[in-house]
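Okay, so here's the structure we're looking at.
Here it is as structure tokens:
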């Protein structure tokens, strides 16, 4: 029983480690398929993203600012 | 209802990629995801042709058949749509698709590639038409506004045709008869099991 | 003179070529631009898929039409559910039939009943259970790819099913790694005891004690257990290799390669599940006393002498005091 519990725990630990390693290897399509063109804004990950409010009265106030990605030029 | 189809008249396509840009802008498609793309065949050789390709909204769509969570559905206009809430990102549609239409936000491995994204024929998803939720996930819903897909609407040479299958086939037939040649409706045999007889 | 001849030749060639080009014309007299244009049928004759050039950095998007997915779909939707159901349900039916005809193989008591002998040490049991627990989750989440939408989805509804399938997919991809590690551990631990020999042939000819009442001699592992070992190692490594090729798309193979990998992965998968069902049966319900080997690690000496006589002799020869352990005594690892 002890060996079984240790084995299940080890499997979970290894699976978690694998998930981090696989996530490490993961790249966004906008990184993988980027060209060296000018970048004027953050590319976002999934259409306009979950923070889109639908409020498009002012230009640039769409609430779409994904964090963590550095704009390479402009903005 | 209409049976919506795409038809790319390769003899008119000039590979300007306006369809690609229009699609990306209309739906706020992120970089790296290409719902529509232009492929040049025999590049630089005599007889070079370019074809604009996206999801063809197949009859008896293979993606819908193989999906392990049945997240695809066909609208009354025969547009093949999917639910990003149900999609598990397994990539089976991508194995089955003859046109390479399914796209994923991440590319490294299938563990966490994210929800599949593909051409919606400018008709959104399962959410209420023209709702915020629909726009966030699938982009705009031009069909609900009574408009056709933007890629075809703004094609500068009217190479890319979108609309009812019979109508666009008729337009193409007339063109071929008038000008005397045509390299055929690309992908129709694979997508619709029929081609345009001229 | 020579120069003149070549000019004349050139002129003659031109005269021959120009009308040839001019002949291909559209009805209105314009030059026909499709004279040498590519078309679908022609390209499909050259190659089973139509490939071109694309200006975006995603090179795999340069395939215009790749109809091979239809054959893969045919396999996955028309064949695989039947093959899978036949393998899994067929094995369950066979085991049920075996249980009701042969019954549970009982422990044969002798004067040595009650004494214990260490069969699997802690690390061996750990490797077994790590692989086994991963296998159960992997097989259920794997079967879910085929049968989930047919059996489970109508029961619990699309939303709940999609959530479950999402976690199933994560479990399938992440638990694959400890599973592969466990298979490698077991390969290293037990390969020396699993080399097929003459004794295995005799064991098989006598029905392994499963079909008759005979107890053919066996070493640490009998022929049946050796078959399970080689099945786990062979199938485990094959599942790992094909699975890795699918986890990392386009790393080793193109889309057609991944379709083939999926076919191999699913076919081996269902046969593997059927094989392991038999293994689970004989290790628990099918034979009294067998479970202890992987449970506590210690088996009844009477059981061991009946089923693994040569191994018991070997163990008793190794230690002068005999391999018997008292209850609760921690085996040396």
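Chains as they are written, first to last, in our numbering: chain V, -14 to 60; chain B, 46 to 243; chain H, 1432 to 1764. Where is the CB? At the ideal position from N, CA and C, for every residue including glycine.
Along the chain, where does the beta strand (DSSP E) containing residue 1565 of chain H start, and where does it finish?
Not the beta strand (DSSP E): residue 1565 of chain H falls in the alpha helix (DSSP H), residues 1553 to 1578.
Quick check on this structure: which residue in H/1512, H/1558, H/1485, H/1469 has the alpha carbon closest to the alpha carbon of residue 1664 of chain H?
Per the Cα distances, H/1558.
Who are the near neighbours of residue 1694 of chain H in its chain, counting only those whose CB is closer than 6 Å to its CB and skipping five residues on each side?
1506
Hey, how far is the Cα of residue 84 of chain B from the Cα of residue 119 of chain B?
Answer to the nearest angstrom: the Cα atoms are 27 Å apart.
Any beta carbon of chain V sitting closer than 8 Å to that of residue 1556 of chain H?
yes
The beta strand (DSSP E) enclosing residue 85 of chain B, as first and last residue numbers
81 to 86
Tell me which residue opens and which closes the beta strand (DSSP E) that residue 59 of chain B is part of.
Neither: residue 59 of chain B is in no beta strand (DSSP E) and is coded neither H nor E.
Using beta-carbon positions only, say whether residue 80 of chain B and residue 200 of chain B come within less than 8 Å of one another.
no
If we ignore side chains and look at the alpha-carbon of each, how far apart do residue 1604 of chain H and residue 141 of chain B end up?
Those two C-alpha atoms are separated by around 20 Å.
Should residue 5 of chain V be flagged as near chain B, meaning a C-beta pair shorter than 8 Å?
no
Using three-state DSSP, classify residue 1669 of chain H as helix, strand or coil.
helix
Take residue 1502 of chain H as the anchor and find which of H/1590, H/1689, H/1650 has the nearest alpha-carbon.
H/1689
Would a check of beta-carbon distances place residue 1560 of chain H closer than 8 Å to chain V?
Chain V, which has a Cβ nearer than 8 Å to the Cβ of residue 1560 of chain H, makes this yes.
Since residue 1570 of chain H meets chain B, which of its residues come closer than 7 Å, beta carbon to beta carbon?
Residues of chain B passing the Cβ test: none, with the nearest at roughly 15 Å.
Under three-state DSSP, which class holds residue 2 of chain V?
helix
Name the residue from H/1485, H/1589, H/1477 whose alpha carbon lies nearest to the alpha carbon of residue 62 of chain B.
H/1485
Should residue 11 of chain V and residue 151 of chain B be called a contact, given that it needs their Cβ atoms to be closer than 8 Å?
yes
Helix, strand or coil for residue 151 of chain B? Go by DSSP, reduced to three states.
strand
From B/185, B/70, B/114, residue whose alpha carbon lies closest to that of residue 169 of chain B:
B/185
Helix or strand or just coil, what does DSSP make of residue 1729 of chain H?
strand
Enumerate in chain order the residues of its own chain whose CB-to-CB distance from residue 109 of chain B is below 6 Å, with the five nearest sequence positions on each side excluded.
117
Taking residue 85 of chain B as the query, report the chain H residues whose CB atoms sit under 7 Å from its CB, ordered along the chain.
1483, 1484
Proximity test, Cβ basis, 8 Å: residue -4 of chain V and chain B
With 8 Å as the cut-off, residue -4 of chain V does not count as an interface residue toward chain B.
By DSSP, does residue 223 of chain B sit in helix, in strand, or in coil?
helix
Taking just the CA atoms, how far does residue -9 of chain V sit from residue 1712 of chain H?
23 Å
Which of helix, strand or coil does DSSP assign to residue 1484 of chain H?
strand
Excluding sequence positions up to five away, which residues of its chain have a Cβ less than 8 Å from the Cβ of residue 1565 of chain H?
Excluding residues within five positions, the ones whose Cβ falls inside 8 Å are 1606, 1607, 1609, 1610, 1613.
Can residue 147 of chain B and residue 1500 of chain H be called in contact, C-beta distance under 8 Å?
no
Enumerate in chain order the residues of its own chain whose CB-to-CB distance from residue 87 of chain B is below 6 Å, with the five nearest sequence positions on each side excluded.
Short of 6 Å from the beta carbon of residue 87 of chain B, and not among the five residues preceding or following it, lie these beta carbons of its own chain, in chain order: 93.
Length-filtered (4 minimum) alpha helix (DSSP H) runs lying within the stretch 176 to 240 of chain B:
177 to 183, 195 to 198, 210 to 224, 233 to 237
Between the stretch 1571 to 1589 of chain H and the stretch -2 to 8 of chain V, can you find at least three pairs of beta-carbon atoms closer than 8 Å?
no
CB contact check: residue -8 of chain V to chain B, cutoff 8 Å
no
Boundaries of the beta strand (DSSP E) in which residue 94 of chain B is found, first to last residue:
Start and end: 94 to 99.
What's the C-alpha gap between residue 154 of chain B and residue 144 of chain B?
21 Å
Element boundaries [alpha helix (DSSP H), containing residue 108 of chain B]
107 to 111
If you measure from the beta carbon of residue 1488 of chain H to each beta carbon in chain V, is any gap under 8 Å?
Residue 1488 of chain H counts as touching chain V.
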